[in-house]
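Colleague: -10 is the number of the first residue of the first sequence in my numbering; add one for each residue after it.
For glycine and all other residues, C-beta sits at the position ideal for the given N, C-alpha and C.
All values derive from a computational prediction rather than experimental measurement.
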Amino acid sequence: MDLNFSKNLLTWYDKNGRELPWRIKNYGGMQNLAPDPYSVWLSEIMLQQTVVATVKDYYAKFTKKWPTVQDLAAADQDEVLTAWAGLGYYARARNLHKCAQYICDEFNGQFPKTETELLTLPGVGPYTAAAISSIAFNQKANVVDGNVERIFSRVDKLEEKLPAAKKQIYEIAQKYLPKKRFGDYAQALMDLGATVCKPKNPRCETCPVSRFCTLSGDENVQFYPKKTPKKPKKQLKAHIFWVENAQKDQVLLQKRAEKGLLGNMMEFPSTNWLDQDLAAQNIGQNLGEVIHIFTHIKLVLKVWKIQQSQLQQVAEAGFAINLQENKKWVNIGKLDEFALPSLMQKIRKLAEG
DNA sequence: AAATCGGGGCT
DNA sequence: AGCCCAGATTT
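1. Report the rounded CA-to-CA distance for residue 106 versus residue 82, giving the unit in angstroms.
2. Smallest Cα separation from residue 238: which of 320, 181, 207?
3. Rounded to whole angstroms, what is the Cα-Cα separation between residue 230 and residue 341?
4. Counting only runs that start and end within the segment 200 to 246, where is the beta strand (DSSP E) found for 3 or more residues in a row?
5. In this structure, what does DSSP give as the bridge partners for residue 296?
6. Tell me the residue span of the beta strand (DSSP E) that contains residue 277.
7. For residue 317, which beta-bridge partners are listed by DSSP?
8. In chain order, what are the residue ranges of uninterrupted alpha helix (DSSP H) at least 4 long that sit wholly in the segment 26 to 74?
9. How about the segment 86 to 95 and the segment 56 to 63: do they share at least three Cβ pairs that are nearer than 8 Å?
10. What is the DSSP secondary structure of residue 344, counted as helix, strand or coil?
11. Between the alpha carbons of residue 19 and residue 101, how many angstroms are there, rounded?
12. Please tell me whether residue 143 and residue 202 are closer than 7 Å, where the distance is taken between their beta carbons.
13. With DSSP collapsed to three states, give me the class of residue 310.
14. In this structure, how does DSSP classify residue 289 when only helix, strand and coil are distinguished?
15. For a quick check, are the C-beta atoms of residue 185 and residue 192 less than 7 Å apart?
16. Could you tell me which uninterrupted alpha helix (DSSP H) segments, each at least 4 residues in length, are contained entirely in the segment 151 to 204, listed from first to last along the chain?
17. Please state whether DSSP places residue 324 in a helix, a strand or coil.
18. For residue 250, which three-state DSSP category applies?
19. Mind the definition here: the segment 276 to 294 touches the segment 326 to 339 only if three or more C-beta pairs lie below 8 Å; say whether that holds.
20. With burial defined as no fewer than 16 other Cβ atoms inside 10 Å of the residue's Cβ, what is the status of residue 36: buried or exposed?
21. With a threshold of 8 Å, are at least 3 pairs of Cβ atoms found where one atom belongs to the segment 150 to 169 and the other to the segment 220 to 227?
22. Are the CB atoms of residue 151 and residue 216 within a distance shorter than 7 Å?
23. In chain order, what residues of the same chain lie with their CB nearer than 8 Å to the CB of residue 78, ignoring the 5 residues before and after it?
24. Measure from the alpha carbon of residue 398 to the alpha carbon of each residue in 162, 10, 200, 206, then state which is nearest.
25. Find the nearest neighbour of residue 159 within the set 132, 29, 103, judged by alpha-carbon distance.
26. Could you check whether residue 29 and residue 125 sit closer than 7 Å to each other, using their CB atoms as the reference points?
27. Taking only three categories from DSSP, how would you classify residue 342?
28. Between the alpha carbons of residue 86 and residue 327, how many angstroms are there, rounded?
29. Excluding five sequence neighbours on each side, which residues of the same chain lie with their C-beta closer than 8 Å to the C-beta of residue 278?
30. Would you kindly work out how many angstroms separate the C-alpha atoms of residue 195 and residue 205, rounded to a whole number?
31. What's the C-alpha gap between residue 182 and residue 236?
32. From residue 273 to residue 295, what distance separates their C-alpha atoms?
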């Protein structure tokens, strides 16, 4: 394979690579610098299916609160989930904490450098193992994320759709790997995808590897990679309740089940989420509706503010509120101390005004 | 191979 | 109103 591909890309990266909090650019490969594995791992987990702009504040918060993997391992899971709240995909946070403890217990606090060992870590899959191995340890690894898939599907004008084309893309990417600067090369590819080889309106005229690309400058480049159509979202509805105590200084909060949607995160009590129209309800104060879009669900919640003394009436009216054993009264002024996902922050905002 | 799992930013 | 994102895990 033509090594000028990686050479051109790395030259471009040295000039145009983004400055990111978790990144130490190894200019020209001469400084032999690398970010520490904890920083790389933490940032890579946060960046899974999440844009750089969203990650920055969370990365700063985590590294300040837990500067080392030992600090993170020693935290309570609820603390980690509270810090992660709003970032989404909460299995990442649960696995992050589990992984930190695993690194401390089984690897003496040191991240392994091989992809094979990294793949044994909770929350670390093929992409993240390759990314950590190359970026933190400069090991040769084929780092294929959504950016890289887009780039090479365009380079070879692949007609096969994702995700079926993944294997073929991986093999193409493998052929272009450089002989050194593996971490820089991986990050260069991802920067190229983020700033030049974009999904829409790619900037082929500034692309450092345009001469290798079948679709460079083609009007149809934006239609690659081809993808299988998505299924429509299920639409679910429910009532949700902001339940105040008599003094109106506390609200009812409970922890969700460990597994599944928003696992181990906190919630306000609600009826079951059902694919049915909502029954009439005239107890307490209606605050309106909250519409929340998950990856595969469109959820419509009708929000009610009720008093603790009205809970019995709501039950008698036939509304099964999912009150759990772990429910507790929480000072409204201290809600920030709990792991409230964005959906529940919407409810809170509606209730607090 | 398909489904699950968040949220926000961009077009 | 979709599409996309430095994907992993479960089914």
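Modeller: Working from what's here:
1. 20 Å
2. 320
3. 13 Å
4. 223 to 233, 239 to 244
5. 233
6. 274 to 282
7. 242
8. 26 to 36, 41 to 54, 58 to 63, 66 to 73
9. yes
10. Residue 344 lies beyond the range of the chain shown here (-10 to 342); nothing can be said about it.
11. Residue placement at residue 19 is poorly supported in this model, since its pLDDT is 49, which falls under 50; the coordinates still yield a value, given next. Taking the straight line from one Cα to the other gives about 24 Å.
12. yes
13. coil
14. strand
15. yes
16. 155 to 164, 171 to 184
17. helix
18. coil
19. yes
20. buried
21. no
22. yes
23. 37, 38, 39
24. One cannot answer for residue 398 here, as it falls past the ends of the chain, which runs -10 to 342.
25. 132
26. yes
27. coil
28. 17 Å
29. 289, 290, 291, 292
30. 10 Å
31. 55 Å
32. 5 Å
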